[in-house]
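Below: one structure, written as structure tokens.
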Amino acid sequence: MYMARTTKRSQSRRSSSTAGSIADMEIHRLAHYTFFVGLLIAIVAGFFRNLIAPEVLVTTLVILGTIVGLFNLTAKETTPFLVAAIALMLAGIVNLGLIPGVGLYLRSILSNIVVFVVPGAIIVGLKAIWQLASD
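Numbering (this note's numbering) for the sequence shown: 293 to 427.
Written out as structure tokens, the structure reads:
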């Protein structure tokens, strides 16, 4: 009788942890798609920068970047993501508008990508600091 109760409890724990990992995988997958959607919006909006209201674009990119930062990155992806975010922010300083023909589009695309990545970088950076402080 005691053995049966223990077995049922352990099976219940396993099934709830399996359900939790499936839910985590679904959230991770949703955030993964959110990353690609945000990147696509940043690129397309760079080509059509005069047709999209800046307030709507920035708000959309910040919300998508926040979702990516909260749910998409694992612990081992933290450092590469932060390094890439820093590289993008530094590249955003360069005046790409000086390149004839495509410079204005490149500058607009890069600015949009930076707006998309910065909220995620802030969240991931705060998570990393929290983890370092709690260890």
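Virtual Cβ for every residue (Gly too), placed ideally from N, Cα, C.
As the structure is a computational prediction, the values presented were derived from the model and not from experiment.
Relative to the C-alpha of residue i, which candidate in the options has its C-alpha closest?
{"i": "VAL416", "options": "PHE340, LEU396, GLU369 and LEU388", "result": "GLU369"}
{"i": "THR366", "options": "GLU347, ARG321, LEU380 and ARG341", "result": "ARG321"}
For residue i and residue j, I'd like the C-alpha separation in whole angstroms.
{"i": "LEU390", "j": "ARG399", "result": "9 angstroms"}
{"i": "SER313", "j": "ILE359", "result": "19 angstroms"}
Closer than 7 angstroms by C-beta to residue i: which residues in its own chain qualify, once you throw out the five before and the five after it? Chain order, please.
{"i": "ILE277", "result": "For the chain, the structure presents residues 293 to 427; residue 277 sits outside this window and is missing."}
{"i": "ILE464", "result": "Any answer about residue 464 is impossible in this case: the structure gives the chain only from 293 up to 427."}
{"i": "SER304", "result": "Low local confidence applies: a pLDDT of 48 at SER304 is under 50, so the model's placement there is unreliable, with the coordinate-based value given in what follows. There are no such residues."}
{"i": "GLY357", "result": "GLY330, PHE408, VAL409, VAL410, PRO411 and GLY412"}
{"i": "HIS324", "result": "ASN364"}
{"i": "ILE344", "result": "ALA337"}
If you drop the 5 nearest sequence neighbours on each side, which residues of the same chain put their C-beta closer than 8 angstroms to that of residue i?
{"i": "ASN404", "result": "ILE333, ALA334, ILE335, ALA337, GLY338, LEU349 and LEU353"}
{"i": "LEU374", "result": "ALA413, VAL416, GLY417 and ALA420"}
Whose C-beta lies closer than 6 angstroms to the C-beta of residue i among residues of the same chain, with five residues either side of it excluded?
{"i": "LEU388", "result": "GLY395, LEU398 and ARG399"}
{"i": "ALA420", "result": "THR370"}
{"i": "ALA377", "result": "VAL409 and ALA413"}
Taking C-beta to C-beta, are residue i and residue j nearer than 7 angstroms?
{"i": "VAL406", "j": "GLY384", "result": "yes"}
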